[in-house]
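The numbering used here puts the first residue of the sequence shown at 1326, with every later residue one more than the last. By construction, the Cβ of each residue, glycine as well, lies at the ideal position given by its N, Cα and C atoms.
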Amino acid sequence: MAAGKHLLGRAGGYHIFGTAKVGEKGQIVIPKDARTLFDVKPGDTLLILGDERSGIIVTRPDVIRDAAAQVFEDLERNGGENNGTV
1326 MAAGKHLLGR AGGYHIFGTA KVGEKGQIVI PKDARTLFDV KPGDTLLILG
1376 DERSGIIVTR PDVIRDAAAQ VFEDLERNGG ENNGTV
């Protein structure tokens, strides 16, 4: 298990890795424990998503690709109709 602290009251798999200060060039350093756990290496591409209410998400592009593929599979399974839900 990574050294990131377990979030209180949550099932395993949730971590707090600490804080990151934004530098003068707008860059942050991802904490080492997070890089190790998620196998993030120099040169890797990460996707940055944002929600004005919830904040910023940093993830690998394949995570979103896989989620989008699941949405399309569900739509196809339902005959292309989602009745307002996904």
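Could you work out which residue in the options is closest to residue i when comparing CA atoms only?
{"i": "Arg-1385", "options": "Ile-1353, Gly-1348, Ala-1394 and Phe-1363", "result": "Phe-1363"}
{"i": "Ala-1359", "options": "Ala-1345, Arg-1378, Glu-1377 and Ala-1392", "result": "Ala-1345"}
{"i": "Val-1383", "options": "Asp-1369, Ala-1394, Glu-1398 and Glu-1349", "result": "Asp-1369"}
Is it true that the CB of residue j sits closer than 8 Å to the CB of residue i?
{"i": "Pro-1356", "j": "Gly-1337", "result": "no"}
{"i": "Leu-1371", "j": "Ile-1389", "result": "no"}
Around the Cβ of residue i, are there at least 16 other Cβ atoms within 10 angstroms (buried) or fewer (exposed)?
{"i": "Val-1354", "result": "exposed"}
Strictly by DSSP, which residues pair up with residue i?
{"i": "Thr-1384", "result": "Leu-1372"}
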